[in-house]
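Working notes, structure below.
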Amino acid sequence: MDFGFSKEEQLIQKAAREFADKRIVPVAQDIRRNNAMPGEILSGLAELGMFGIPFPETYGGGEAGYLSYILALEQLSKASAGVGMVISVNTVGQAVINVFGTEEQKQAHLPPSIDGKKIMSFAFTEPGTGSDPKQLTTTVTKDGNSYILNGTKRFISNAGHEGPMVVVAKENDTGKATAFVIEKFCEGYSLSEPWKKIGAHGGGLYDVYFKDVKIPAENMVGRNGDGLMTLKTAMVYGKIGLAGLFLGRALAALEDGIRYATEKTHRGEPIGRKFEHIKISVSDMMMKYDAAKWHAYHLGWAADHYRDPMQLMKEAALSKVFVAETAIDIARISMGIHGSYGLMDDYPISHTWGDVVIGPQVEGTAPLLKIMGAGIILNG
-11 MDFGFSKEEQ LIQKAAREFA DKRIVPVAQD IRRNNAMPGE ILSGLAELGM
39 FGIPFPETYG GGEAGYLSYI LALEQLSKAS AGVGMVISVN TVGQAVINVF
89 GTEEQKQAHL PPSIDGKKIM SFAFTEPGTG SDPKQLTTTV TKDGNSYILN
139 GTKRFISNAG HEGPMVVVAK ENDTGKATAF VIEKFCEGYS LSEPWKKIGA
189 HGGGLYDVYF KDVKIPAENM VGRNGDGLMT LKTAMVYGKI GLAGLFLGRA
239 LAALEDGIRY ATEKTHRGEP IGRKFEHIKI SVSDMMMKYD AAKWHAYHLG
289 WAADHYRDPM QLMKEAALSK VFVAETAIDI ARISMGIHGS YGLMDDYPIS
339 HTWGDVVIGP QVEGTAPLLK IMGAGIILNG
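Taking my numbering, the leading residue of the sequence shown gets -11, the next gets one more, and so forth.
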């Protein structure tokens, strides 16, 4: 499929690439070591419009579509997985508000999260549940014209940034899951220390504690009891972002492998020219990257054009799995080209490895997403 990128898509891709090369690459190791995102990076991304690429111009977005979003995320994530993670999770929250929110909620939460003043989060996962909404223990209790929120959410990205958070909780009286939007750091909101991940540093991953958080009834997102649908929608748009993110890390691994094969010499000759198995490895990486790129770009195109939500859900699930698993394959091959140097902290490929192994586990494990995709395929 020839995507035939529009001029706008090419400009967004170019802007993201230049920002990544000039602004992110010089601080990428600081982001990794400190597990924190510099404020100047966030403000720079906002100035470029990277926090609102697919959203309506009415709210300050670029209205450029999800293919443009994928193209930008690939370039930004090539420089830092953490940057990609911050944008992807912010986009999940924005997408939920854009799809299910009232006009008042859109006006309140989309513009500040697009211009970088606020960073959004989405909170579903809990210590005792992964993808099963029936196991939710975080609850909301009706209290006049408000709801009272109590419970704990686990592995919540962007939770340390000021901004809105969409929370899925179980209603005490009905037992149904419902989504609400709150402001982080409101009364009753607190955080754990950030989790120490093996990769994708800089995004910030926390446990979030809610103790008697009072939520106005008008902060309900979507209809009462529609929390599962909200979750499914969030996960679709989350997987679109992750496809772009892990495609970027795959590209980083590919370029690192090619660079090492070109620069490393054996008796005066580059190993990429001298040894057949290195040549084969380079070709294997390129073939895998091209396949992953097709999946990711097609997913962005599908998000812009598909009208059947079940088909988009299938595309998102399977494309995310393919890109994430292929990124691991490419990084493994690249590490092999590096030999023992690929295991050293001084070489970027070792950091890329820590980033890509996260891929098949987040926002739905690979086996779960394959089962989900098969269910949609087999049911027509």
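Ideal placement from N, C-alpha and C gives every residue a C-beta, glycine not left out.
Within the same chain, Cβ atoms closer than 7 Å to the Cβ of K106 are found at P100, E150, G151 and P152, the five residues on either side in sequence being excluded.
In the three-state reduction of the DSSP assignment, P26 falls in the coil class.
Counting only residues of its own chain and dropping the five nearest sequence neighbours on each side, Q82 has a CB closer than 7 Å to the CB of F43, L98, S101 and M108.
Every beta strand (DSSP E) stretch that sits fully inside the segment 80 to 114 and reaches 3 residues is listed by chain position as 109 to 111. Around the beta-carbon of M298, fewer than 16 other beta-carbon atoms lie within 10 Å, marking it exposed. Between V311 and A280, the beta carbon gap of about 5 Å places them in contact (Cβ cut-off 8 Å).
Secondary structure of L219 (DSSP, three-state): helix. Per DSSP, the unbroken alpha helix (DSSP H) holding D278 starts and ends at E264 to H293. Here the alpha carbon of S307 sits roughly 34 Å from the alpha carbon of F263. Measuring C-alpha to C-alpha distances from G215 to each of L124, Q63 and L33 identifies L124 as the nearest. As computed with DSSP, T46 is found in no beta bridge at all.
As a beta-bridge residue in DSSP terms, I203 pairs with Y135. Nearest to V169 by alpha-carbon distance, out of N207, I316, I144 and G192, is N207. A residue is called buried when at least 16 other Cβ atoms come within 10 angstroms of its Cβ; L55 meets this threshold and is buried.
In the structure shown, R5 falls within a helical segment according to DSSP collapsed to helix, strand and coil. Beta-bridge pairing by DSSP links I75 to no other residue.
Under the three-pair Cβ rule at 8 Å, the segment 59 to 67 counts as touching the segment 235 to 246. Ranked by Cα distance from G48, the options S338, F198 and G104 are led by G104.
Taking the Cα positions, I364 is about 15 Å away from T221. In this structure, the CA atom of G330 is about 5 Å from the CA atom of M323. Closest option to L219, judged by alpha-carbon separation, among V156, V71 and G191: V156. If you check the CB distance, V309 and A354 come in under 7 Å. Burial is judged here by how many other beta carbons sit within 10 angstroms of a residue's own beta carbon; T166 has at least 16 and is buried.
Here the alpha carbon of K158 sits roughly 17 Å from the alpha carbon of N133. Of the other Cβ atoms in all chains shown, 16 or more fall within 10 Å of the Cβ of Q93; this residue is therefore buried. Looking from the CA of I318, the closest CA among G352, S338, K276 and P336 belongs to K276.
Under the DSSP assignment, I337 falls outside any beta strand (DSSP E), being part of the alpha helix (DSSP H) whose first and last residues are P336 to V344. In the DSSP assignment, the residues bridged to M153 are S109 and I170. Sequence-distant Cβ neighbours of N78 in its own chain, meaning closer than 7 Å and more than five residues away, are F39, S101, I107, M108 and N146.
Secondary structure of I186 (DSSP, three-state): coil. Spatial neighbours of T129 in its own chain (CB-CB distance under 7 Å, excluding positions within 5 residues in sequence) are listed in chain order as Y135, I136 and N160. The alpha carbon of V350 has as its nearest neighbour, out of M274, I268, W289 and G229, the alpha carbon of G229. Using a 10 angstroms sphere on the CB of T162, the tally of other CB atoms stays under 16, which defines it as exposed.
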